[in-house]
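K.L.:
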Amino acid sequence: MLRARVRQVLGRLPWFAPFLRRARRLRPVFPIRSSSQVQRPVSQTRPVPTESGTPIPSGLSAELSFAVNDDDTAEALGSGSLPVLATPRLLAWCEAATCAALAQALAVDETSVGTRVSLEHVAPSPVGRSLVVSATVVHVDGRLVRFSVAATQDGRLVGSGEVTRVVVDAERFLSRVS
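Below is the structure:
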């Protein structure tokens, strides 16, 4: 009955027949599993401690204050021609906040290195104004730590984004550099 109906439809659409035959041949051999049946890597199922054995808690945060001076401007750093806070300086301050937050949880022989940055600089900051830069741990996967960062000036958002750092053994890391 179904075959007769398919022939009837194909009779009206002769150009479609090769596609249907091919689709039948390409049917998947292996059963398709739902996402709940897929096994996840160990790092996604339970928190993994750093090399020192101490897990980094999610929600860890730090807040730093900075004053914009002439050396912090786009004009001085060569990233523009205006006397306002340069994006590279804002990025450096965001990374400093992530380091300050992470310093609370690291062992003496550990440090962290930045691996990825996404930053949106949305408002200018003139010389003489103060900024508060905050960093909060939003995701931990073993040694990888992702932060949410925000910079505000008098309650107004100046920049926000995400910084990813990896916890490393300082001596071991430096031995591979040279």
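In my numbering, the protein residues as written are 255 to 432.
By construction, the Cβ of each residue, glycine as well, lies at the ideal position given by its N, Cα and C atoms.
#1: Residue 390 lies in the beta strand (DSSP E); which residues open and close that run?
#2: What's the C-alpha gap between residue 398 and residue 258?
#3: To the nearest angstrom, report how far apart residue 331 and residue 340 are at their CA atoms.
#4: Less than 8 Å between the CB atoms is what I'm expecting for residue 420 and residue 369, so what's the real figure, rounded?
#5: Measuring straight from C-alpha to C-alpha, what distance separates residue 364 and residue 427?
#6: Examine the Cβ distances between the region 319-331 and the region 355-363 and report whether three or more of them are shorter than 8 Å.
#7: Measure the CB-CB distance between residue 337 and residue 381 and report whether it falls below 9 Å.
#8: State the beta-bridge partners of residue 407 as determined by DSSP.
#9: Excluding sequence positions up to five away, which residues of its chain have a Cβ less than 8 Å from the Cβ of residue 284?
#10: So, with DSSP's three-state summary, where would you put residue 423?
#11: How would you label residue 296, buried or exposed, when you count the other beta carbons within 10 angstroms and need 16 or more for buried?
#12: Looking at the strands, I want to know which residues DSSP matches up with residue 374.
#13: Could you give the DSSP three-state label for residue 402: helix, strand or coil?
P.N.:
So, to answer that:
#1: As a first step, residue 390 must be located in the sequence shown, where it is residue number 136. Counting along the chain, the beta strand (DSSP E) containing residue 390 begins and ends at 384-395.
#2: The sequence position of residue 398 within the sequence shown is 144, counting from 1. The sequence position of residue 258 within the sequence shown is 4, counting from 1. About 59 Å.
#3: The residue labelled residue 331 in the question sits at position 77 within the sequence shown. The residue labelled residue 340 in the question sits at position 86 within the sequence shown. Distance between the alpha carbons of residue 331 and residue 340 is about 7 Å.
#4: Mapped onto the sequence shown, residue 420 falls at position 166. Mapped onto the sequence shown, residue 369 falls at position 115. Under the criterion of beta carbons closer than 8 Å, residue 420 and residue 369 qualify as touching, at roughly 5 Å.
#5: As a first step, residue 364 is located in the sequence shown; it is residue number 110 there, counting from the start. As a first step, residue 427 is located in the sequence shown; it is residue number 173 there, counting from the start. Distance between the alpha carbons of residue 364 and residue 427: 10 Å.
#6: Two segments are said to touch when three or more pairs of C-beta atoms, one from each, lie closer than 8 Å; by this definition the region 319-331 does not touch the region 355-363.
#7: Here the question's residue 337 lines up with position 83 in the sequence shown. Here the question's residue 381 lines up with position 127 in the sequence shown. Yes.
#8: Counted from its first residue, the sequence shown places residue 407 at position 153. By DSSP's assignment, residue 407 forms a beta bridge with 410.
#9: Within the sequence shown, numbered from 1, the residue matching residue 284 stands at position 30. With a pLDDT of only 49 at residue 284, under the threshold of 50, the placement of this residue in the model should not be trusted; the figure read from the coordinates follows. The same chain holds no residue with a CB closer than 8 Å to that of residue 284 once the five nearest residues on each side in sequence are set aside.
#10: Along the sequence shown, read from residue 1 onward, the residue named residue 423 stands at position 169. The answer is strand: DSSP assigns residue 423 an E or B state.
#11: Looking up residue 296 in the sequence shown gives position 42. Confidence at residue 296 is low in this model, with a pLDDT of 44, below 50, so the placement of that residue is unreliable and no value is reported for it.
#12: As a first step, residue 374 must be located in the sequence shown, where it is residue number 120. Bridge partners of residue 374: 414.
#13: The residue labelled residue 402 in the question sits at position 148 within the sequence shown. The answer is strand: DSSP assigns residue 402 an E or B state.
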